[in-house]
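Residue numbers 67 to 155, in this note's numbering, belong to the letters of the sequence shown in order. Yeah, the Cβ is synthetic: ideal placement off N, Cα and C, and Gly gets one too. On a predicted model such as this, the values are computed, not experimentally measured, just so you know. Remarks on the structure that follows.
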Amino acid sequence: MPQISLYIDEETLKKVEKAAKKEHISISKWVGNNIKRSFESKINTVENNTAEWLKLAGSWEDERSADEIIADIKNSRTENRRFEDGLFD
């Protein structure tokens, strides 16, 4: 099995040792397990986020068409002369 070297500060090492001891596993096993979990949670998070966004599809309730909503947004904008002479005042 491949091996890696890891440089961490004393405070973090103490936390890792304590966590590994609590789970009755070696430090190496604890670190490996947590690395695996970190990747799994990221995959699950992306999948969950996608599912949540898909739930929103079609949930906006409005009698107006998309073009009417866009026109309303554009018409509600105000002119701002702040940047007329350049980017900064």
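Asked: Any alpha helix (DSSP H) of 4 or more consecutive residues that is wholly inside the stretch 107-142; Found: 132-142
Asked: Ser-71 versus Glu-89 - alpha carbon distance; Found: 22 Å
Asked: Secondary structure of Glu-77, DSSP reduced to three states; Found: helix
Asked: Cβ of Trp-126 within 8 Å of any chain B Cβ; Found: Annotation note: the requested chain B is absent from the structure, which comprises a single protein chain.
Asked: Buried versus exposed call for Trp-96 [16 or more other C-beta atoms within 10 Å across all chains shown]; Found: buried
Asked: Span separating the alpha-carbon of Ile-101 from that of Trp-119; Found: 28 Å
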